[in-house]
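S.K.: Supplied in structure tokens, the structure appears directly below.
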Amino acid sequence: GNAEYMGTQTSEFKEKLVSVNRVSKTVKGGRIFKFSALVVVGDGEGTVGFGIGKAGEVPDAIRKGIEEAKKNLVKISLRGATIPHEIIGAFGAGRVLMKPASPGTGVIAGGPVRAVVEAAGIKDIRTKALRSNNPCNVVRATMQGLMSLRTAEEVARLRGKTENEILPERKRKNLLEETHVEKQENNENE
């Protein structure tokens with residue numbers, strides 16, 4: 002049962018290798034080299050995770066990284082193919098600025114951020130990694146930012162208000178118009 006379940010799970014995840022690093026440990030007779038691999042996995046529908054694997058050979062390190070990443074999956078809030086609002090994710094010295102973008106913009110991002118964003122299934126976004134360019138911390142900062150995203154409905158729920166009460170004026174009108182039009186259509190259908 003469990004083996005079959007794992008089999009189905011692996012197929013739907015996109016795996017992205019962010020970086021492979023040769024790390025060494027110095028012992029009495031010289032140095033021992035191993036490889037660490039930073040891997041991001043996601044289902045392309047708002048679930049994403051990352052992991053770091055370490056082994057004597059690169060493929061083993063990558064495999065371990067993927068296993069680790071699947072244990073640490075998180076769900077993020079999306080709005081269509083982009084994110085609900087602008088945010089800065091931070092981890093250590095890594096800061097990642099992420100801005101929503103209109104359809105057709107594509108993913109504007111560097112390597113580590115791009116891996117996370119694409120695995121999560123975001124199609125349109127503008128990003129900039131600030132301060133640190135250490136792939137590990139940039140990935141963590143991106144994850145932290147994405148996890149802090151809230152849709153308008155979520156914020157309304159948290160604050161016990163309706164969605165209209167917290168949206169700025171210009172967005173509020175659109176929502177009201179949309180619901181109004183729908184109501185009219187429903188009446189006509191009757």
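Counting from 1 along the sequence shown, just add 1 to a position and that's the residue number in the working numbering. For each residue, glycine too, the CB sits at the ideal point set by N, CA and C.
1) Nearest-angstrom Cα distance between Gly8 and Phe14?
2) Which residues share a DSSP beta bridge with Ser1?
3) DSSP beta-bridge partners for Ala56?
4) Could you give the distance in angstroms between the alpha-carbon of Ala47 and the alpha-carbon of Ala121?
5) According to DSSP, simplified to helix, strand and coil, what is Arg64?
6) Hey, is the region 142-152 in contact with the region 95-107, meaning 3+ C-beta pairs nearer than 8 Å?
7) So Ser25 packs on Ala62, CB below 8 Å; how close in whole Å?
8) Should the region 108-127 be regarded as contacting the region 143-159, the criterion being three or more beta carbon pairs within less than 8 Å?
9) One question on the structure: do Thr106 and Asp125 come within less than 8 Å of each other, judged by their Cβ atoms?
10) Which residue from Val59, Ala102, Phe92 and Lys71 puts its Cα closest to that of His86?
M.R.: On the basis of the supplied data:
1) Residue confidence for Gly8 is low, a pLDDT of 45 falling below 50, so the modelled location carries little weight; the figure read from the coordinates is stated next. C-alpha separation (whole angstroms): 11 Å.
2) No information on residue 1 is available, as it lies outside the stretch 2 to 191 that the chain covers here.
3) As a beta-bridge residue in DSSP terms, Ala56 pairs with Phe36.
4) Residue identity differs from the one stated: residue 47 is Gly in this sequence, not Ala. Going from the Cα of Gly47 to the Cα of Ala121 covers about 5 Å.
5) DSSP places Arg64 within a helical segment (H, G or I) once states are collapsed to three.
6) Proximity of the region 142-152 to the region 95-107 meets the contact definition, three or more beta-carbon pairs being nearer than 8 Å.
7) With 8 Å as the limit, Ser25 and Ala62 do not qualify as a contact, their Cβ atoms being about 14 Å apart.
8) Yes: at least three Cβ pairs fall under 8 Å.
9) Contact annotation: Thr106 and Asp125 have beta-carbon atoms nearer than 8 Å.
10) Residue Ala102 is the option with its Cα nearest to His86.
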